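In what follows, a structure is listed as structure tokens, so that the remarks can point back to it.
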Amino acid sequence: MKKGLSDAVFIPEWSTETFLKEAGEAGFSGVELNVREDQGDLTLRTTPSEARNIVRRANAHGIDIPTLSTGLFNVYSLASGDRAVRKQGEDIASRMIQLAVEMEVPIIQVVPGVVTPDEPYEDAYERAKDSLYRLGEEAASSGITIAIENVCNKFLPSPLEFTHFLKDINHPSVQAYFDNGNAMVMGHPEHFISLLGDRIVVMHVKDYKPSIKDFVNTFDGTINWPEMMKALAMIPYTGYLIATPPYASLHSQRRLVQKTSDDLSIICELSGQPSR
Numbered sequence: 001m002k003k004g005l006s007d008a009v010f011i012p013e014w015s016t017e018t019f020l021k022e023a024g025e026a027g028f029s030g031v032e033l034n035v036r037e038d039q040g041d042l043t044l045r046t047t048p049s050e051a052r053n054i055v056r057r058a059n060a061h062g063i064d065i066p067t068l069s070t071g072l073f074n075v076y077s078l079a080s081g082d083r084a085v086r087k088q089g090e091d092i093a094s095r096m097i098q099l100a101v102e103m104e105v106p107i108i109q110v111v112p113g114v115v116t117p118d119e120p121y122e123d124a125y126e127r128a129k130d131s132l133y134r135l136g137e138e139a140a141s142s143g144i145t146i147a148i149e150n151v152c153n154k155f156l157p158s159p160l161e162f163t164h165f166l167k168d169i170n171h172p173s174v175q176a177y178f179d180n181g182n183a184m185v186m187g188h189p190e191h192f193i194s195l196l197g198d199r200i201v202v203m204h205v206k207d208y209k210p211s212i213k214d215f216v217n218t219f220d221g222t223i224n225w226p227e228m229m230k231a232l233a234m235i236p237y238t239g240y241l242i243a244t245p246p247y248a249s250l251h252s253q254r255r256l257v258q259k260t261s262d263d264l265s266i267i268c269e270l271s272g273q274p275s276r
């Protein structure tokens, strides 16, 4: 397996250059970069030449960029009953596909939808499914995979429903971005893994502590890491484990990066696969 790190809690406090440098020195093989509206070097307005320059800088530090992510789908939901909001979400996904092509990034993360009390669940389900199929066609024509993530947004909460949603979309360019911490909030990670199987193309990794009902750093919560890694080995999954520390460090971001890298090395060893 390969060790990856999300930039979510590091940028804009750090520059992209600092983040890439620290990730490389800590032993990560790759990083996930978030597409933001107006902060950092990678935004919806980033030009092709600027995007390619980010890749060159990453490679200079021995770093790959396997995925692009964003938090914008929580605002512009693909399941929204407001057509303008849904269209904005689709446009963001299209822009991410374009950036991924420019940067030669194989996977983009997409949140499938957010459900609100005033919207019938079945309608939200159909809207998200239709949007993702259309986006899957666009991604396929560009050689990009859309990975939809299980997030805590009252949509697709169970492993069975999440798996059925992917089956309903039934598009080879729309697969699963599995988040073990989010799965722990709603169930058990190993149940998601066994049902999703080889639909999992990339993973987010963090921990969860039920006593405080919040996400925590790796090994600070109640994730059953040996069981989770055993389930992944059964697929077998050999791709990226991309750590998403839930909070920035109050004292040393550099220490957080190094500790996260060390923790991922131990987690990879549980699967019998050395980290890369």
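FYI, in UniProt numbering the residues of the sequence shown are 1 to 276. Even glycine gets a Cβ: it sits at the ideal position worked out from N, Cα and C. No experiment lies behind these values; they were computed from the predicted model shown.
Rank the options by C-alpha distance to the C-alpha of residue i and give the top, closest one.
i, options, result
"A179", "N170, P172, F192", "The residue you asked about is not Ala; residue 179 is Asp in the sequence shown. Per the Cα distances, F192."
"A26", "K259, S69, A93", "K259"
"W14", "A183, V201, S252", "S252"
"residue 278", "T163, I54, T70, N59", "Since the first and last residues shown for the chain are 1 and 276, residue 278 lies out of range."
Alpha helix (DSSP H) containing residue i: first to last residue?
i, result
"Q109", "First-last for Q109: 107-110, but that is the beta strand (DSSP E), not the alpha helix (DSSP H)."
"K230", "225-234"
"G89", "83-103"
"D123", "121-142"
"S49", "48-60"
"A23", "16-25"
"L270", "253-270"
"K2", "Careful: K2 lies outside any alpha helix (DSSP H), inside the beta strand (DSSP E) at 2-6."
Our contact map puts residue i next to residue j with C-beta atoms below 8 angstroms; I'd like the distance itself, whole angstroms only.
i, j, result
"A23", "L99", "About 19 angstroms; that fails the 8 angstroms criterion."
"V174", "G136", "4 angstroms"
"H204", "E149", "7 angstroms"
"G40", "I65", "Wrong, their Cβ atoms sit about 14 angstroms apart, outside the cutoff."
"I107", "T145", "5 angstroms"
"T244", "S6", "4 angstroms"
"V55", "E122", "That pair is no contact at about 42 angstroms."
"F219", "D263", "6 angstroms"
"G272", "A233", "7 angstroms"
Using a Cβ-Cβ cut-off of 7 angstroms (strictly less than) and excluding sequence neighbours within five positions of residue i, which residues of its own chain qualify?
i, result
"K21", "H61"
"I97", "I108, E138, A139, S142, I144"
"E17", "R57"
Determine, using beta carbons only, whether residue i and residue j come nearer to each other than 8 angstroms.
i, j, result
"I92", "L156", "no"
"L166", "R199", "yes"
"V202", "Y240", "yes"
"C152", "M186", "yes"
"A147", "A128", "no"
"G4", "I266", "no"
"P189", "I223", "yes"
Taking the continuous beta strand (DSSP E) assigned at residue i, which residues delimit it?
i, result
"Y240", "240-243"
"M203", "200-205"
"L68", "64-69"
"L33", "30-34"
"A147", "145-149"
Against chain C, does residue i count as a neighbour if the rule is that its beta carbon must be under 8 angstroms from one of theirs?
i, result
"I97", "Among the protein chains of the structure shown there is no chain C, as only one such chain exists."
Starting from the C-beta of residue i, find all residues in its chain whose C-beta is less than 6 angstroms away, skip the five residues before and the five after it, and write them out in chain order.
i, result
"R36", "T43"
Starting from the C-beta of residue i, find all residues in its chain whose C-beta is less than 8 angstroms away, skip the five residues before and the five after it, and write them out in chain order.
i, result
"G89", "L72, F73, Y76, S77, L78, S80, S131"
"I63", "L20, A23, G24, F28, S29, G30, V31"
"N34", "S6, D7, A8, I11, G40, L42, L68, S69, T70, G71"
"I235", "I193, G197, D198, I200"
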